[in-house]
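Asks:
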Amino acid sequence: MTFDPLRIRSEFPALDQNVNGKPLVYLDSAATSQKPRHVLRALDDYYERDNANVHRGIHELSRRATEGFEEARGKVARWIGASDPAEVIWTSGTTGSINLVASAWGLDNVRAGDEILLSVLEHHSNIVPWQLLARRTGAKLRYVEIDEQGRLILDDLDSLLTDRTKVVAISHVSNALGTVNPVKRIAAAAHARGAVVVVDGAQGAVHTKVDVQDLGVDFYALSGHKMCGPTGSGALWGRRDLLEAMSPYQGGGEMIHFVHRDESTWAELPHKFEAGTPNIAGAIGLGAAVDFLSEIGMDAIQAHERRLMEYALEKVGALDGIRIYGPESLDEHSAVVSFTLGDAHPHDISTILDAEGIAIRAGHHCAQLVMKRYGVSATARASFYLYNTEEDVDRLVEGLGLVVGIFG
Ligand code: 7TS
Numbered sequence: 010m011t012f013d014p015l016r017i018r019s020e021f022p023a024l025d026q027n028v029n030g031k032p033l034v035y036l037d038s039a040a041t042s043q044k045p046r047h048v049l050r051a052l053d054d055y056y057e058r059d060n061a062n063v064h065r066g067i068h069e070l071s072r073r074a075t076e077g078f079e080e081a082r083g084k085v086a087r088w089i090g091a092s093d094p095a096e097v098i099w100t101s102g103t104t105g106s107i108n109l110v111a112s113a114w115g116l117d118n119v120r121a122g123d124e125i126l127l128s129v130l131e132h133h134s135n136i137v138p139w140q141l142l143a144r145r146t147g148a149k150l151r152y153v154e155i156d157e158q159g160r161l162i163l164d165d166l167d168s169l170l171t172d173r174t175k176v177v178a179i180s181h182v183s184n185a186l187g188t189v190n191p192v193k194r195i196a197a198a199a200h201a202r203g204a205v206v207v208v209d210g211a212q213g214a215v216h217t218k219v220d221v222q223d224l225g226v227d228f229y230a231l232s233g234h235k236m237c238g239p240t241g242s243g244a245l246w247g248r249r250d251l252l253e254a255m256s257p258y259q260g261g262g263e264m265i266h267f268v269h270r271d272e273s274t275w276a277e278l279p280h281k282f283e284a285g286t287p288n289i290a291g292a293i294g295l296g297a298a299v300d301f302l303s304e305i306g307m308d309a310i311q312a313h314e315r316r317l318m319e320y321a322l323e324k325v326g327a328l329d330g331i332r333i334y335g336p337e338s339l340d341e342h343s344a345v346v347s348f349t350l351g352d353a354h355p356h357d358i359s360t361i362l363d364a365e366g367i368a369i370r371a372g373h374h375c376a377q378l379v380m381k382r383y384g385v386s387a388t389a390r391a392s393f394y395l396y397n398t399e400e401d402v403d404r405l406v407e408g409l410g411l412v413v414g415i416f417g
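In this text, residue positions in the sequence shown follow this note's numbering: the first is 10, and each later residue adds one.
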């Protein structure tokens, strides 16, 4: 099947509207993607026909809801190359997944004097949970630095990893710069020192083909809403032996086997980590998103994004006063163009573009350590996905022309 961005675009109702009198150009998918009809229909179908709690009722609707919920788990497992759906825990998203690991695995395994290795590229979701763990345990945080192109400096990885390193938590793809990190190489080095590897896959599962076995990592966190699924949906994949050894994260219904007066025993995986009524519709919607993306094919999506990025870097890069942050090579640079333009504040850039119907993000992108590295407080960021086209890039460049006209 040939990749037809206009046909794909027509599957996303929200893209078909005028904003401030102009056809919408949506370039903020790194914050959240738009949702295709296939996902919207799955949500409607669930609520209109099958709505019931899962794993509880012995009645037809509960059976259907449970089936849809568990089938979706299998779809996510296959999407990331996990061999066992029981290793996929439903969470509220990447933030929920990382907090689960930092808390449940971290409190069991990290002690005073231990080290946690992060990078300055990380989204705050992959920094703050580890800071909280460090504060509770007395562990120490260390950081991999980035070079001028926003790539991890891995020359001194072997000295950053010590016998005290208990965990290495690293993003697959940076949301602020688009840098694609060599996760497999980092995982191998971390394992050689006996550390556990946690990957923030919020942008990874969106733009790259993920195979958790091949990456050789221990935990992989993802957000459904960035890959065409509903907000509040997400997953944590973890290696079975680690998940089994871990204490539960939250206590409540469904995560127990037996409850006695003074103590309880835990349910099998994955339910041990899913206390309370889960986001059933969210999980089913995320399963539908995986079906939608699988049908198009990750290779085709990646090739399309790469073509768009080549075009965008050339056109945006030709503007007077532009500075683009992130790797020069598209082998290491995913579908994000992070930039500043002369003296224009990124918020002003975004406001001017918004008046033209163009949505980008301006700010620190929840990656203040990245901003600090470059000595800026914010960048403007255009992020692309499967439904964007070269016309979107042209509109962006036209809009940026207005910014140049105003700010000189
Ligand atoms: N990690 C990365 C790399 C992210 O890009 C984000 C969200 C998160 C973690 C948190 O994901 P959540 O689904 O739990 O919120 N990134 C962005 C962004 O770039 N703009 O808005 C949210």
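We treat Cβ as the ideally placed atom computed from N, Cα and C, and that holds for glycine.
Predicted, not measured: the structure shown is a model, and the values here were computed from it.
Which residue from Arg73, Val189 and Glu20 puts its Cα closest to that of aspartate 340?
Replies: Checked all of Arg73, Val189 and Glu20; the closest Cα to aspartate 340 is Val189.
Asks: Can you tell me whether tyrosine 55 is helix, strand or coil according to DSSP?
Replies: Tyrosine 55 falls in the helix class under three-state DSSP.
Asks: Exposed or buried, which one is asparagine 27 when buried takes at least 16 other CB atoms within 10 Å?
Replies: Looking at its Cβ environment, which holds fewer than 16 other Cβ atoms inside 10 Å, asparagine 27 is exposed.
Asks: Taking all protein chains shown into account, do 16 or more other C-beta atoms lie within 10 angstroms of the C-beta of valine 379, making it buried, or fewer, making it exposed?
Replies: Per the 10 Å Cβ criterion, buried.
Asks: With a threshold of 16 other CB atoms inside 10 Å of the CB of lysine 235, please say whether the residue is buried or exposed.
Replies: The residue in question, lysine 235, is buried, as its Cβ has 16 or more Cβ neighbours within 10 Å.
Asks: Assign glutamine 259 to buried or exposed, taking buried as 16 or more other Cβ atoms, counted over all protein chains shown, within 10 Å of its Cβ.
Replies: Exposed is the call here.
Asks: Taking DSSP as the reference, what is the three-state secondary structure of threonine 217?
Replies: Correct three-state label for threonine 217: coil.
Asks: Just to confirm, does asparagine 184 get its C-beta within under 7 angstroms of one of the non-hydrogen atoms of ligand 1?
Replies: Checking every heavy atom of ligand 1 against the Cβ of asparagine 184, one is found closer than 7 angstroms.
Asks: Within 10 Å of its beta-carbon, does glutamine 222 have 16 or more other beta-carbons around it, so buried, or fewer, so exposed?
Replies: With fewer than 16 Cβ atoms within 10 Å of its Cβ, glutamine 222 is classed as exposed.
Asks: When the Cα of histidine 231 is compared with those of Ser180, Leu150, Gln311 and His200, which residue comes out closest?
Replies: It should be noted that the sequence gives leucine, not histidine, for residue 231. Checking every option, the nearest Cα to that of leucine 231 belongs to Ser180.
Asks: How many Å lie between leucine 15 and aspartate 25 at the Cα?
Replies: When rounded, the distance between both Cα atoms is 11 angstroms.
Asks: State the start and end residues of the unbroken beta strand (DSSP E) segment that holds glycine 247.
Replies: Residues 243-247.
Asks: If you reduce the DSSP assignment to three classes, tell me which class proline 191 lands in.
Replies: Correct three-state label for proline 191: coil.
Asks: Could you say which of Ser106, Glu277 and Ser242 lies nearest to aspartate 250 if we only look at CA atoms?
Replies: Comparing Cα positions, the closest option is Glu277.
Asks: Can you tell me which of Val215, Asn184, Ala364 and Asp54 puts its alpha carbon nearest to the alpha carbon of glycine 159?
Replies: It is Asn184.
Asks: For valine 299, which residues in the same chain have their Cβ closer than 7 angstroms to its Cβ, ignoring the five residues on either side in sequence?
Replies: Correct list, in chain order: Lys84, Val85 and Trp88.
Asks: Which runs of the alpha helix (DSSP H) fall wholly inside the segment 364-403 and span at least 4 residues, in chain order?
Replies: Correct list: 377-383.
Asks: What residues in its chain sit with their C-beta under 8 angstroms from that of tryptophan 275, if we drop five residues either side in the sequence?
Replies: The answer, listed in chain order, is Pro257, Met264, Ile265, His266 and Lys281.
Asks: Tell me phenylalanine 267's beta-bridge partners as DSSP assigns them.
Replies: Phenylalanine 267 is bridged to Thr274.
Asks: Skipping 5 residues on each side, what residues in its chain have a beta carbon closer than 7 angstroms to that of alanine 143?
Replies: Closer than 7 angstroms at Cβ, skipping near neighbours: Ile125, Lys149 and Leu150.
Asks: Can you determine whether any heavy atom of ligand 1 sits closer than 7 angstroms to the C-beta of asparagine 397, and answer yes or no?
Replies: No, the beta carbon of asparagine 397 sits no closer than 7 angstroms to any heavy atom of ligand 1.
Asks: Assuming valine 177 and alanine 199 form a contact by the criterion Cβ under 8 angstroms, report the distance between their Cβ atoms to the nearest whole angstrom.
Replies: With a Cβ gap of about 4 angstroms, valine 177 and alanine 199 count as contacting.
Asks: Please return the same chain residues whose Cβ sits closer than 6 angstroms to the Cβ of leucine 52, not counting the five positions on each side in sequence.
Replies: Correct list, in chain order: Ala290 and Gly294.
Asks: Relative to ligand 1, is the shortest distance from any of its heavy atoms to the C-beta of alanine 297 smaller than 7 angstroms?
Replies: No, the Cβ of alanine 297 stays beyond 7 angstroms of every heavy atom of ligand 1.
Asks: What residues are listed by DSSP as bridge partners for methionine 332?
Replies: The displayed chain sequence assigns arginine, not methionine, to residue 332. For arginine 332, which the question treats as bridged, DSSP gives the partners Thr349.
Asks: On the DSSP bridge list, what partners appear for phenylalanine 12?
Replies: Answer by DSSP bridge pairing: none, since phenylalanine 12 is not bridged.
Asks: Give the DSSP-derived three-state secondary structure of histidine 280 in the structure shown.
Replies: Here histidine 280 sits in helix by DSSP.
Asks: Thinking C-beta only, is valine 226 closer than 8 angstroms to alanine 196?
Replies: Yes, the pair counts as a contact, with Cβ atoms nearer than the cut-off.
Asks: Excluding five sequence neighbours on each side, which residues of the same chain lie with their C-beta closer than 7 angstroms to the C-beta of threonine 104?
Replies: Within the same chain, threonine 104 has close Cβ partners Ser134.
Asks: Would you check if the distance between the CB atom of lysine 175 and the CB atom of valine 205 is smaller than 8 angstroms?
Replies: Against a cut-off of 8 angstroms, the Cβ pair of valine 205 and lysine 175 comes out as a contact.
Asks: Is there contact between the segment 360-372 and the segment 241-248, where contact requires at least three CB pairs shorter than 8 angstroms?
Replies: Result no; under three Cβ-Cβ pairs closer than 8 angstroms.
Asks: When you compare each of Ala81, Gln43, Tyr35 and Arg65 to tyrosine 55 by their alpha carbons, which one comes out closest?
Replies: Tyrosine 55 has its Cα closest to that of Ala81, out of Ala81, Gln43, Tyr35 and Arg65.
Asks: Indicate, with yes or no, if ligand 1 has a heavy atom lying under 7 angstroms from the CB of glycine 102.
Replies: Checking the Cβ of glycine 102 against ligand 1 gives yes.
Asks: Nearest-angstrom Cα distance between glutamate 154 and lysine 218?
Replies: Each residue's alpha carbon lies about 26 angstroms from the other.
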